[in-house]
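One structure is given here, and the rest of the page talks about it.
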C-alpha cells in the first residue's frame with residue numbers, strides 16, 4: 091500500500107506476566123480485530139497489520155494510519171413535520187429544541203420525505219479530530235473488552251486481565267502516546283518509529299508467532315532428517331511450544347529402550363505433558379529418542395540435554411510403575427470405586443452414569459438393528475467405559491482417559507470390539523477431531539454425549555456465546571458428527587426420551603420441556619454443521635418435518651439443495667406454500683380424513699384423484715429416500731391441478747362441512763410432502779417461471 095504524507099504507523103505493545111499458552115493466539119487475533127473495527131468506526135483510514143505474540147507480550151502494529159479522521163457530513167432526523175410547525179407555519183417548541191440540541195439556528199432546519207412521511211432534519215459536518223487523541227481512547231476500550239476464559243485483578247484500579255500488566259507502549263509515528271491501563275502508565279522511550287522498534291525487538295526474539303512456528307518446525311524436521319526418522323511433527327504440541335519460546339533452538343536426546351515397553355500413547359503423553367518434547371518414530375514405531383525445543387542463545391546444550399534426559403527417565407519410570415500397578419487387577423474391579431467419583435453435582439456418581447450408559451447404548455443398538463455379540467460387546471464397553479478414571483495412569487494423564495481403559499481392558503481379556511469402543515468413546519475431541527472408526531465406538535460415543543447433553547440441560551444449565559463451561563455445544567456437535575459419519579439410523583428424539591427416563595427424578599427441568607430444549611439445541615448445531623445450504627431457509631424447512639433421523643436429515647438437505655434451482659422443485663414448493671397459506675389462521679379443527687361425498691365441484695374430484703393416484707408412489711419413493719424423484723412426482727401430481735383449483739374453486743365457503751372437507755384435502759396434500767421431506771412453505775417468495 092502506498093504511504094500517504096499524513097499517515098503514520100501505529101504500535102501497541104502490552105507486556106504481561108506469563109500468559110497461559112491457550113490464551114495467546116485468540117487474544118492477539120481479537121486485539122487486531124477489535125482495534126481495526128474501532129478505527130473504522132472512528133473514520134480513521136489504515137493499512138495492513140502485523141502481529142507479535144510471546145508468553146509475555148502482545149503486539150499489534152498497524153501501517154499507514156491516517157493522522158486525522160475523515161470529515162463527513164451526516165443528516166440528523168428530527169420530529170415529523172406535523173409536529174415541527176404550528177398551523178401558522180411557525181416552528182414549534184419541539185423543532186426549536188431539536189435545533190438547539192444540534193447546535194444550529196432554526197433557519198438551518200430542512201424538511202425531507204422519508205418512507206415514514208415528512209420529517210425535519212439538519213445536515214451537520216463532523217469535524218476531524220487528530221487520530222492520536224482517538225487512539226488513546228480506543229486502547230482502553232479494546233484492552234478492557236478482550237475476552238479470556240479467566241481474568242484477575244492485581245490492584246485496586248478495577249482493571250481485569252488474564253495476567254497482571256507490567257508495562258504498555260504506544261507509538262504513533264515517532265510520537266509516544268500517553269495511556270494508562272489500570273495503574274500502569276505507558277513506557278517512556280527515546281523517539282522511534284514502530285518499524286524501527288520492531289526491528290530492534292526482533293534482534294532479541296522472533297515476535298511474529300507464525301514466523302516463529304515455521305522456524306521451530308523447520309528446525310525439528312531438519313533434526314528428524316539427521317536421525318533418519320519419519321517426518322512427523324505433533325501440530326498441537328508445536329502450537330503450544332511456539333508460545334513458550336521466543337528465540338528457538340532444538341536438540342535431540344534419548345532414553346532407555348526398556349521404556350518402549352510402555353504403550354505408545356503413554357510415552358507421547360509423558361513427553362508432551364512434563365517437558366513439551368517431541369517423540370521420534372521410524373516406519374510408524376516410536377524410537378527411544380526425542381526432540382526438545384530450547385529458548386535463547388548461548389546455552390550449554392550438552393548440560394541442557396543431560397537435564398532433559400534425567401527428568402524424562404524419572405517420569406517414564408513413574409509411568410512404568412503406574413502401568414504395572416494398574417494392570418495388577420482386572421479393569422472391572424475398579425467399578426465399585428466409581429461410586430465415590432461424582433459425575434456432576436446433582437447428576438449422581440460415575441457408577442450411576444455407567445448404568446445409564448449401558449441401558450442407553452442397549453436402546454441405541456435395538457433401534458439401529460445391532461444385535462448378537464456386538465450388542466453385548468457395546469453393553470460391556472459401556473459398563474467399563476469409566477473404570478480407568480480411578481487408575482494411576484489417568485490420574486497422572488487425564489488426556490489418556492478412555493485410551494488407557496481400552497488398553498487395560500484388552501490386557502485383561504475383554505473382547506476386542508468392547509476394548510476399541512472404550513478407547514474411542516471420547517472421540518471427536520473437537521470440531522475437526524478424529525471420529526470413532528468402529529461401530530461399537532460410535533454407539534458408545536453417541537450415547538455418552540446424549541447422556542451429557544440431557545443431564546446438563548436438565549439441570550437448567552444455559553449456554554450463551556462463548557460461555558459453555560460444561561462443553562454442551564461440543565457434546566452436541568460431536569453427537570451429530572458421530573451419527574452422520576457412521577450412518578447410525580436412529581430417531582434421536584427417541585434416544586433423548588429414553589435418556590430422560592434413565593435420569594429418573596434427578597433433573598430439574600420437566601421432561602416434555604427438556605426434550606424440546608435438547609432437540610432444539612441439537613437442531614441449532616445441525617444448522618451450524620450443515621454450513622452454507624441454498625436456499626438458506628431449506629435447513630429450517632427440513633428440520634420442521636419431525637423426522638428426526640440425523641443421517642436422513644443431512645441426506646434430504648443434500649438432495650434438495652442440489653435441485654433447488656429446478657422447475658419441479660419450485661413447483662413442489664409452490665404447492666406446499668399455497669396449501670400451507672390456505673390452512674394458516676384456520677381456528678376450526680380440520681378433519682384428518684377427506685369425505686368424497688361432500689365434493690361439489692369436478693375440480694375437487696380431480697385434486698382428490700391426483701392425491702389418491704400419487705400418494706402410494708410418492709410414499710414408496712420417500713421410504714427409499716429417493717427425495718429427488720419424490721419431489722418430481724409431487725410437483726407433477728399437484729402443481730397444475732391445484733393452480734386451476736385455486737383459480738376456480740373457493741375453499742372457505744359458508745357451508746361448514748364443505749369448507750372443512752376442502753381444508754382437509756389441502757391438509758392431506760400439504761402433509762404428504764411437508765411431514766415427510768421438507769416444509770417448503772418456509773422458503774419465501776417462491777416464483778415459478
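In the working numbering, the protein residues as written are 91 to 779.
Just so it is clear, CB atoms sit at the ideal spot from N, CA and C, and this is done for glycine as well.
As the structure is a computational prediction, the values presented were derived from the model and not from experiment.
Inset, instruction - Find out if the Cβ-Cβ distance for the pair residue 475, residue 512 is shorter than 8 Å. - result: Taking the chain shown and counting its residues from 1, one reaches residue 475 at position 385. Taking the chain shown and counting its residues from 1, one reaches residue 512 at position 422. Result yes, Cβ atoms of residue 475 and residue 512 sit closer than 8 Å.
Legend entry - Straight-line Cα distance separating residue 282 from residue 93: Position 3 of the chain shown holds residue 93. Position 192 of the chain shown holds residue 282. The predicted model places residue 93 with a pLDDT of 46, which falls under 50 and marks its position as unreliable; any figure quoted below should be read in that light. Near 18 Å, if we compare the C-alpha coordinates of residue 282 and residue 93.
Legend entry - Selection from 684, 689, 670, 691 that minimises the alpha carbon distance to residue 763: Within the chain shown, residue 763 is the residue found at index 673, counting from 1. The residue with the shortest Cα to Cα distance from residue 763 is 670.
Legend entry - Distance between residue 757 and residue 241 (C-alpha atoms, nearest Å): Translated into positions along the chain shown, residue 241 becomes position 151. Translated into positions along the chain shown, residue 757 becomes position 667. Whole-angstrom Cα-Cα distance: 57 Å.
Inset, instruction - Taking residue 102 as part of the alpha helix (DSSP H), name the residues at either end of that continuous run. - result: Here the question's residue 102 lines up with position 12 in the chain shown. Careful: residue 102 lies outside any alpha helix (DSSP H), inside the beta strand (DSSP E) at 97–106.
Inset, instruction - Evaluate contact between the stretch 270–278 and the stretch 135–151, counting only Cβ atoms and requiring at least three cross-stretch pairs below 8 Å. - result: no
Legend entry - Assumed close pair residue 477, residue 424 - CB separation to whole angstroms, cut-off 8 Å: Along the chain shown, read from residue 1 onward, the residue named residue 477 stands at position 387. Along the chain shown, read from residue 1 onward, the residue named residue 424 stands at position 334. Contact flag correct, Cβ pair sits at about 4 Å.
Legend entry - Distance between beta carbons of residue 211 and residue 202, contact taken as under 8 Å: Against the chain shown, residue 202 aligns to sequence position 112. Against the chain shown, residue 211 aligns to sequence position 121. Right, their Cβ atoms sit about 6 Å apart.
Inset, instruction - Determine contact between the stretch 389–396 and the stretch 413–422, defined as no fewer than three beta-carbon pairs at a distance below 8 Å. - result: no
Inset, instruction - List the whole-angstrom C-beta distance separating residue 604 from residue 561, where the pair is believed to meet the contact cut-off of C-beta under 8 Å. - result: In the chain shown, the residue the question calls residue 604 occupies position 514. In the chain shown, the residue the question calls residue 561 occupies position 471. About 18 Å; that fails the 8 Å criterion.
Legend entry - Proximity below 8 Å, CB of residue 337 to CB of residue 106: The residue given as residue 337 occupies position 247 in the chain shown. The residue given as residue 106 occupies position 16 in the chain shown. Result no, Cβ atoms of residue 337 and residue 106 do not sit closer than 8 Å.
Inset, instruction - Would you tell me roughly how many angstroms separate the C-alpha atoms of residue 714 and residue 234, rounded to the nearest one? - result: Within the chain shown, residue 714 is the residue found at index 624, counting from 1. Within the chain shown, residue 234 is the residue found at index 144, counting from 1. Approximately 57 Å, taken between the alpha carbons.
Inset, instruction - With a cut-off of 8 Å on the beta carbons, I'd call residue 536 and residue 454 a contact; round off their distance for me. - result: Residue mapping note: residue 536 aligns to position 446 of the chain shown, counting from 1. Residue mapping note: residue 454 aligns to position 364 of the chain shown, counting from 1. Rounded, the Cβ-Cβ distance is 7 Å, consistent with contact.
Legend entry - Beta-carbon separation (whole angstroms), residue 102 vs residue 306, contact threshold 8 Å: In the chain shown, the residue the question calls residue 102 occupies position 12. In the chain shown, the residue the question calls residue 306 occupies position 216. Actually they are not in contact, since the Cβ atoms of residue 102 and residue 306 sit about 26 Å apart, beyond 8 Å.
Inset, instruction - Below 6 Å CB to CB, which residues in the same chain sit around residue 218 once its five sequence neighbours on both sides are set aside? - result: Position 128 of the chain shown, counted from the first residue, corresponds to residue 218. Cβ neighbours of residue 218 beyond the five flanking positions: 158, 159, 161.
Inset, instruction - Tell me whether the beta-carbon of residue 155 lies closer than 8 Å to the beta-carbon of residue 221. - result: As a first step, residue 155 is located in the chain shown; it is residue number 65 there, counting from the start. As a first step, residue 221 is located in the chain shown; it is residue number 131 there, counting from the start. Closer than 8 Å, so yes.
Inset, instruction - For the alpha helix (DSSP H) holding residue 344, just list the boundary residues, first then last. - result: As a working mapping, residue 344 is identified with position 254 in the chain shown. Premise fails: residue 344 lies in the beta strand (DSSP E), 338–344, not in any alpha helix (DSSP H).
Inset, instruction - Compute the distance between the beta-carbons of residue 368 and residue 310, then report whether it is under 8 Å. - result: For the purposes of this step, residue 368 is taken as the residue at position 278 of the chain shown. For the purposes of this step, residue 310 is taken as the residue at position 220 of the chain shown. Cβ distance < 8 Å, so residue 368 and residue 310 count as in contact.
Legend entry - Three-state class that DSSP yields for residue 416 in the structure shown: In the chain shown, residue 416 corresponds to position 326, counting from 1. Three-state result, residue 416: helix.
Legend entry - Three-way DSSP call (helix, strand, coil) for residue 209 in this model: Working through the chain shown from its first residue, we reach residue 209 at position 119. Three-state result, residue 209: strand.
Legend entry - C-alpha distance - residue 290 paired with residue 568, whole-angstrom precision: The residue given as residue 290 occupies position 200 in the chain shown. The residue given as residue 568 occupies position 478 in the chain shown. Whole-angstrom Cα-Cα distance: 46 Å.
Legend entry - Chain-order list of residues whose beta-carbon lies under 7 Å from that of residue 760 (same chain, five-residue window excluded): Translated into positions along the chain shown, residue 760 becomes position 670. Correct list, in chain order: 666, 669, 670, 673.
Legend entry - Which of helix, strand or coil DSSP assigns to residue 251: As a working mapping, residue 251 is identified with position 161 in the chain shown. Strand.
Legend entry - residue 669 in three-state terms, based on DSSP: Along the chain shown, one-based indexing puts residue 669 at 579. Three-state DSSP puts residue 669 in a helix.
Legend entry - Secondary structure of residue 382, DSSP reduced to three states: Taking the first residue of the chain shown as position 1, residue 382 is located at position 292. Strand at residue 382.
Inset, instruction - Rank 581, 739, 321 by C-alpha distance to the C-alpha of residue 695 and give the top, closest one. - result: Residue mapping note: residue 695 aligns to position 605 of the chain shown, counting from 1. Nearest of 581, 739, 321 to residue 695, Cα basis: 739.
Inset, instruction - Output yes or no for whether 8 Å exceeds the beta carbon distance between residue 267 and residue 225. - result: The count along the chain shown starts at 1 and reaches residue 267 at position 177. The count along the chain shown starts at 1 and reaches residue 225 at position 135. Cβ atoms of residue 267 and residue 225: closer than 8 Å.
Legend entry - Run of the beta strand (DSSP E) containing residue 59, from where it starts to where it stops: With the chain running from 91 to 779 in the structure shown, residue 59 is simply not present.
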